[in-house]
Structures are given as structure tokens and as C-alpha cells.
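Novice: Would you mind keeping the following structure in view while I ask a few things?
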Amino acid sequence: MLLTAAGKKTKRSATLVMNETVKQLRKSGKEVFHLGFGESPFPIHPIIQKALCDNAHQRNYLPTQGILPLREQICRFYENMYGFDVTPNQIVVGPGSKVLLYNAMMALQGPLFVPTPSWVSYDEQARLLGKEICYVRTSHETSYLMTSEIFENALKEHWTHTADQKILVINTPNNPTGQSYSKAQLKELANVAKENNVIVLSDEIYALLTYREYEHHSIAEYYPEGTLITGGLSKDRSAGGFRVGTIILPAEESELLESILTIASNTWSCVAAPIQYAAIEAYRPNQEILDYIRDCTAISEIITKYTHQRLRSCDIRCPAPMGAFYLFPDWNSEREQMAAKGIKTSMDISEVLLRDWSVATLPGSDFGMVPEELCIRLATVDYNGEIALRKYRENPQKAMDDPDSFVKCVAPRLITAAEILEKFTESIR
Ligand SMILES: Cc1ncc(COP(=O)(O)O)c(C=O)c1O
39 MLLTAAGKKT
49 KRSATLVMNE
59 TVKQLRKSGK
69 EVFHLGFGES
79 PFPIHPIIQK
89 ALCDNAHQRN
99 YLPTQGILPL
109 REQICRFYEN
119 MYGFDVTPNQ
129 IVVGPGSKVL
139 LYNAMMALQG
149 PLFVPTPSWV
159 SYDEQARLLG
169 KEICYVRTSH
179 ETSYLMTSEI
189 FENALKEHWT
199 HTADQKILVI
209 NTPNNPTGQS
219 YSKAQLKELA
229 NVAKENNVIV
239 LSDEIYALLT
249 YREYEHHSIA
259 EYYPEGTLIT
269 GGLSKDRSAG
279 GFRVGTIILP
289 AEESELLESI
299 LTIASNTWSC
309 VAAPIQYAAI
319 EAYRPNQEIL
329 DYIRDCTAIS
339 EIITKYTHQR
349 LRSCDIRCPA
359 PMGAFYLFPD
369 WNSEREQMAA
379 KGIKTSMDIS
389 EVLLRDWSVA
399 TLPGSDFGMV
409 PEELCIRLAT
419 VDYNGEIALR
429 KYRENPQKAM
439 DDPDSFVKCV
449 APRLITAAEI
459 LEKFTESIR
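Read in my numbering, the sequence shown has 188 at position 150, and its numbers run on one by one without any break.
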């Protein structure tokens, strides 16, 4: 071996690796219930598909920041959906919000505070950048939400030089837990961040997948001068493979903007031209697209709540989801019984579930939990989104009123997966 690869201390995205593993297993004829990857199951809206076809001829490199009509449209979208007053110059369009988060971390000085559990890539990105990582541990007691007290204690514990800039990443609604921060919680966190010179990276990629009885709020409402918001088309418009995301910077941060554009122009240059033009339509607050987002979110809500209910009915601990399509159950109260079966870590649970029960999940340790915490992440998207959307639209009220029949009709594989998780739990009790 003559070549030496860098990045050996980091690992590939666990979610993407699991998705490849399941594809391989299925190819070899094995039936797998895929609760391991959180990709929106719905088809891309025809308006967006048409816009992409209409722009297939766009061949030129475009401005690194993103074309102005797209950034203007994104501003209107944010104003419409969240009442945010943003100018096009605060926005950078990139090939997915993942790389924009990486770019922002590179541009901002200071250690990264990562609440656990957290999405798989934040700490890996910080590791790739050689940044110091400070984990902020949360538990089931607060539904895995970071309280201001937990945050303050973590600041004291990890970083005594309060004058130095620090970075905090938060994600609401949350992958892997499905939890959202309330207005009051965000306000308190914002105060702690302000007092301690903490810049917040607010990952709001699931904002529009907030369930009906909750409202999405951003920490930027209370700390606009110190918050960068990321979002994109991957989840609520089901366009993960388009690779387009956005970052909104605080107003008047020209140095930070310059730094982000310097990194962007020397790496990805610009988002693909046909995609940028198609994204203008994806961000137009056109009623058809808004209806699509609302209906897809309603389906995610029905199916995720159904799965949660099934887990709870056999006493598996799991916070009730408030948005997105994830659940984060744990078996910590069955630690002894689990150990008797040789299951001592969350990785052991995931391995046993895949090997013996044909259910793909991800261990809590991939989300920064200590390995001995017996928790896993489930993604509730193993169904055909096109059929689900059609059936839902035939009678939305009925789907809401009788979720069991709806799930039986459109997501039978998830029902089987829930039954398997019940049997697995019984087998260790
Ligand atoms: C919490 C979270 N943030 C960011 C992303 C990245 O999204 P994208 O790069 O497709 O915009 C994902 C994707 O799974 C995610 O779950």
C-alpha cells in the first residue's frame, strides 16, 4: 500500500453506511425491515420535477453564493413560513446543508459543543477539522433536550475561558429523538449562549416536519446576532438527492460571509446550475407545494406516532415524537436481562436486531451516546410514499381518525417491524 489516507480518526457517516448495508442484504435476497436510514419516502412534487427538466440546458458555473433569484425566493419563503426578515446577502446556497454545516464550522473559531444524542455528522465534521469537541450529555429525563442548566454546566466543565468564542450545534426538530425545543426553552438557551460568547449553529432541516400540535421555533428569534440557521430541500420536499441546502447568516456579518464563500469557491464552486433553477420553484410558496409539505408531514406524523404507540404499549421507553420521522427508544431498565443475553451496548442491540430479527436500526453510540446506554434510533420511513400520499389524500380526515387502518394499508412493513421489536423485547424479559 503506497497511499496514505488522511481522516483515519473519523468514520464514514453511519446512516449512509447502514443504508448501503441494507441495500446489499436486500440484493442478496434477505428481507430486511429498514429502520436505519431517514430518507423522505415521498416523490418529488411534479412542479419541481418539471422545473428541473426545463432547466436541463443550464450549463454555466453560477455564483458561489447561489443565484440571486433563488436567494430572493428563499427570503420570501422564510418570511412566509416563519415570519423571518432575511436579506439575500445573508444566504448561502450549497450542495446540501451537511456541507454548509461543515463549512460554517471551518469558518468559525472555537470548540464545538455537541449535545448528545445528536445527528451522526456534527462531531465527525468537527473531528475532520481538528476542532475540540465538548459533548453535552442529555438523558431520557429531559426527553434528551438540553436545558439551560445542562448547557451552563457543560460550559463550566469544558471551557473555563468564557471570553473565547465557542460554537453550539442544536437541531430542532431533532434527529435522532424527534423532539423539538419550545419557545421558552430556546429563549433560555439563547440567554446562556449570549452570556458565554457562544455562536449557535441551528440545524432546522426538519422545521416543516413539525407535528400539528406543536410549533417550530428557532433560537434565532431570541439570538439573531449569534445564530446561523441551516435548512434545505432534503426532508420536507423529499429532494435529498438534489443536494441543495441553505445557510442563513446573522445580518451584517460580512467577514463570516466572505470566509464561507472563500471555502465554498475553493471546494464546490457552486451548486449545480439546473438544480439552482429548479430550487427557485421548490422555494416558491405555491399552494400546491405547501399542501404537499403539509400532507407528507401529516403522514409522517401518523406513522411515527403509530410506531411510538406500539413501542409504548409493550413498555419500551421512548419520548413521544414532535416532528420528523425518528424514534429513540431505550432498554436501560432491562440492562441485566440484556447482559444475560450478551447485549451490553447499543451496538450489540443493533447487531442482534439486524442479524437475528432482520430489523436495521442505528445504535445510540452513533449519535454520541456512551456505548453502554442501551438506546437505538429508528427511522419510520420504510413504506412507499407515493402510495401513502395518494391514499391519504383520498380521505385525510379518516387517516387521522383511524390511524391503525391507515398504517395497515400503507405501511404494513412498519407494523411488522414494530411487532418484531415487541417480540425482541419479550425475548429478553
Ligand atoms: C439532522 C440533520 N441535519 C442535516 C442533514 C443533512 O441534510 P442535507 O445535507 O441533505 O441538507 C440531515 C440528513 O439526514 C439530518 O438528519
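Even glycine gets a Cβ: it sits at the ideal position worked out from N, Cα and C. Predicted model, so just to flag it, every value in this text is computed and none were measured.
Whole angstroms are fine: how far does the CA of Val174 sit from the CA of Gln314?
Specialist: Spanning the two alpha carbons is a distance of roughly 37 Å.
Novice: If you draw a straight line from the C-alpha of Ala258 to the C-alpha of Lys65, how long is it?
Specialist: Cα-Cα distance, rounded: 45 Å.
Novice: Does ligand 1 have even one heavy atom less than 8 Å from the beta-carbon of Asn209?
Specialist: Yes, ligand 1 has a heavy atom inside 8 Å of this Cβ.
Novice: Assign Val158 to one of three DSSP states: helix, strand, or coil.
Specialist: Three-state DSSP puts Val158 in coil, outside helix and strand.
Novice: Between Thr305 and Ala320, what straight-line distance do the alpha-carbon atoms span, to the nearest angstrom?
Specialist: The straight-line gap from Cα to Cα measures roughly 25 Å.
Novice: Grouping DSSP H, G and I as helix and E and B as strand, with all else coil, what is Cys113?
Specialist: Note: Cys113 maps to helix in three-state DSSP.
Novice: Anything with a beta carbon under 6 Å from a heavy atom of ligand 1 counts; list them all in chain order.
Specialist: Output, sorted by chain position: Gly76, Gly134, Ser135, Lys136, Trp157, Asn209, Asn213, Asp241, Ile243, Gly270, Ser272, Gly278, Gly283.
Novice: Out of curiosity, what's the CA-to-CA distance linking Phe189 and Ser297?
Specialist: Whole-angstrom Cα-Cα distance: 28 Å.
Novice: Hey, is the region 269-282 in contact with the region 69-88, meaning 3+ C-beta pairs nearer than 8 Å?
Specialist: Yes: the two stretches touch, three or more of their Cβ pairs being nearer than 8 Å.
Novice: Suppose you measure from the CA of Phe115 to the CA of Ile381; what does that come to, to the nearest Å?
Specialist: Taking the straight line from one Cα to the other gives about 47 Å.
Novice: Going by DSSP, what residue range makes up the alpha helix (DSSP H) through Asn229?
Specialist: Note, Asn229: alpha helix (DSSP H), 221-233.
Novice: For the beta strand (DSSP E) containing Ser240, list its first residue and its last residue.
Specialist: Its beta strand (DSSP E) spans residues 236-241.
Novice: What residue range is occupied by the uninterrupted beta strand (DSSP E) comprising Gly283?
Specialist: Looking at the DSSP string, the run of the beta strand (DSSP E) that includes Gly283 is 283-286.
Novice: Which residue's Cα is closest to the Cα of Ile129: Thr268, Leu183, Asn234?
Specialist: The shortest Cα separation from Ile129 among Thr268, Leu183, Asn234 belongs to Thr268.
Novice: Decide if the region 320-335 is in contact with the region 239-248; the criterion is three or more beta carbon pairs, one per stretch, under 8 Å apart.
Specialist: Contact holds: three or more Cβ-Cβ distances are below 8 Å.
Novice: Do Ser218 and Met360 count as a contact pair if the criterion is CB distance below 9 Å?
Specialist: For Met360 and Ser218, yes; Cβs fall inside 9 Å.
Novice: According to DSSP, simplified to helix, strand and coil, what is Ala316?
Specialist: Ala316: helix per DSSP, three-state reduction.
Novice: With which residues is Leu150 paired in a DSSP beta bridge?
Specialist: Paired residue(s): Ile171, Ile205.
Novice: Take Cys308 and list the residues in its own chain whose beta-carbon comes closer than 7 Å to its own, dropping the five residues that flank it on each side.
Specialist: Result list for Cys308: Tyr99, Leu100, Pro101, Thr102, in chain order.
Novice: Helix, strand or coil for Gly361? Go by DSSP, reduced to three states.
Specialist: Correct three-state label for Gly361: strand.
Novice: Let's test the definition: count the other Cβ atoms within 10 Å of the Cβ of Gly121 and tell me whether it reaches 16, buried, or not, exposed.
Specialist: Label assigned to Gly121: exposed.
Novice: Please name the residue or residues paired with Ile425 in a DSSP beta bridge.
Specialist: In the DSSP output, where bridge partners are listed per residue, Ile425 has none listed.
Novice: Three-state secondary structure (DSSP) at Phe80?
Specialist: Correct three-state label for Phe80: coil.
Novice: Take Tyr344 and list the residues in its own chain whose beta-carbon comes closer than 6 Å to its own, dropping the five residues that flank it on each side.
Specialist: Within the same chain, Tyr344 has close Cβ partners Pro441, Val445.
Novice: Out of Ala289, Thr154, Glu162, Lys461, which one is the CA nearest neighbour of Tyr182?
Specialist: It is Thr154 whose Cα lies nearest to the Cα of Tyr182.
Novice: Give the C-beta separation of Arg355 and Asp368 to the nearest angstrom, bearing in mind that I take them to be a contact with Cβ-Cβ under 8 Å.
Specialist: Correct: roughly 5 Å between the Cβ atoms.
Novice: Just tell me which of Ala456, Met385, His254 has its CA closest to the CA of Val419.
Specialist: Answer by Cα proximity: Ala456.
Novice: If you drop the 5 nearest sequence neighbours on each side, which residues of the same chain put their C-beta closer than 6 Å to that of Phe462?
Specialist: Excluding positions up to five away in sequence, the list reads Trp395.
Novice: Going by DSSP, what residues sit across from Asp368 in a beta bridge?
Specialist: In the DSSP output, where bridge partners are listed per residue, Asp368 has Arg355, Cys413.
Novice: Among Leu392, Val448, Ser403, which has the Cα closest to the Cα of Lys68?
Specialist: Minimum Cα distance to Lys68 is reached at Leu392.
Novice: Nearest to His254 by CA position, among Phe280, Asn229, Asn212, is which residue?
Specialist: Residue Asn212 is the option with its Cα nearest to His254.
Novice: Please find out if some non-hydrogen atom of ligand 2 comes closer than 8 Å to the beta-carbon of Asn229.
Specialist: Ligands in the displayed structure: ligand 1; ligand 2 is not one of them.
Novice: With Gly74 and Val60 assumed to form a contact (beta carbons below 8 Å), what rounded beta-carbon distance in angstroms separates them?
Specialist: Yes, they are in contact, since the Cβ atoms of Gly74 and Val60 sit about 6 Å apart, within 8 Å.
Novice: Taking the C-alpha atoms as reference points, what is the distance between Ile86 and Tyr330?
Specialist: Looking at the two C-alpha atoms, the distance is approximately 12 Å.
Novice: At the 9 Å Cβ level, is Ile327 part of the contact set with chain E, yes or no?
Specialist: The chain labelled as chain E is not found in the depicted structure, where only one protein chain is given.
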